[in-house]
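Reviewing the structure listed below.
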Amino acid sequence: MKKIFLVLVFCLLNNSVFAALPPLYHTVREYKAIFESQELYDLLNSAEVIQGVHKLPQGGYLVFTQDQVIIVEVVYQPSKMPGPGSFDLKFRSLVEKK
Numbered sequence: 006m007k008k009i010f011l012v013l014v015f016c017l018l019n020n021s022v023f024a025a026l027p028p029l030y031h032t033v034r035e036y037k038a039i040f041e042s043q044e045l046y047d048l049l050n051s052a053e054v055i056q057g058v059h060k061l062p063q064g065g066y067l068v069f070t071q072d073q074v075i076i077v078e079v080v081y082q083p084s085k086m087p088g089p090g091s092f093d094l095k096f097r098s099l100v101e102k103k
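Written out as structure tokens, the structure is:
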């Protein structure tokens, strides 16, 4: 009985630890995915320098280079389990600076 109780407590504590991950954790995962995305490199010229990334209030990011602004949408997939969610990146628009 004691072992069952300990296993139950461990499972409950384990799930609650991962239930609410801080926003910083999600932001770092999103930045990493953007910079590792082959689609970003396909849109950019190899001579371009990324000058900044701005998080949009409604979700997603603007990636600024000296010549372009790329809009990146982050779409989270529904999850049945607590913890880090999976997401897809959609590079929606490519706007050239004037």
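Heads up: the sequence shown is residues 6 to 103, going by the numbering used here. Glycine included, each C-beta is placed from N, C-alpha and C at the ideal position.
Item: Beta-carbon contacts of residue 61 that lie in its chain and below 7 angstroms, excluding the five residues immediately before and after; Value: 67
Item: Meets three-Cβ-pair contact criterion under 8 angstroms: the stretch 69-84 and the stretch 42-53; Value: yes
Item: Secondary structure of residue 101, DSSP reduced to three states; Value: strand
Item: Length of the line joining the Cα atoms of residue 44 and residue 27; Value: 27 angstroms
Item: For residue 86 and residue 10, the rounded distance between their alpha carbons; Value: With a pLDDT of 44 at residue 10, under the threshold of 50, the modelled position of this residue cannot be trusted; read the value that follows with caution. Going by the C-alpha atoms only, they are around 22 angstroms apart.
Item: Under 8 angstroms between C-beta atoms of residue 35 and residue 79; Value: yes
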